[in-house]
Amino acid sequence: MFSYHIMVSGQVQGIGYRYFVEREARKIKITGWVRNLDNSDVEILAEGEEIFLEDFVNTLQTKHSYAIINDIKVSKTKIEKTDYSDFKITF
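Numbering-wise (numbering that gives the first Met the number 0), the sequence shown opens with residue 0 and increments by one.
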């Protein structure tokens, strides 16, 4: 099991990107959270099996119709168990 801290930059606010992230995470049983940052980036903490997390990151890059992704930075940490029971949008 892994924890991914993901920073997404580009045109990712004001287009429903957080709701997209939440929906995609829940589809594949990833837990954690997503939030907008003041600098117009989106921050994500996602926990789950590495194979699903890698698919999730690929989805974040390509599957939202209105997002223009400039960069995605991912920090990976191996964990024993998840700290979350679901995936949610935080503020």
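Glycine included, C-beta positions come from ideal geometry on N, C-alpha and C. Predicted model only: the values in this text are computed from it and were never measured.
Same chain, Cβ closer than 6 Å to residue i, five either side skipped, listed in chain order
i, result
"Gly31", "Leu44, Ala45, Glu46, Tyr83, Phe86"
Of the listed residues the options, nearest to residue i (C-alpha basis)
i, options, result
"Asn35", "Lys75, Glu48, Phe19, Lys28", "Phe19"
"Glu48", "Ser39, Thr89, Glu79", "Glu79"
"Thr89", "Lys72, Ser74, Thr76, Val41", "Val41"
"Asp54", "Tyr16, Thr76, Ile27, Val7", "Ile27"
"Ile71", "Ser2, Phe1, Met6, Gly13", "Met6"
"Lys77", "Ile50, Ser39, Gln12", "Ile50"
"Thr58", "Gln12, Asn38, Arg22, Ile14", "Arg22"
Neighbourhood of residue i by C-beta, 7 Å cutoff - its chain only, sequence neighbours within 5 removed
i, result
"Ser64", "none"
"Ile67", "Gly9, Gln10"
"Leu52", "Phe1, Tyr3, Ile29, Ala45"
"Asn69", "Ser8, Gly9"
DSSP beta-bridge partners of residue i
i, result
"Ala45", "Tyr3, Gly31"
"Thr58", "None, per the DSSP bridge assignment."
"Asp70", "Ser8"
"Phe86", "Gly31"
"Thr171", "Absent from the structure is residue 171, since the part of the chain shown begins at 0 and ends at 90."
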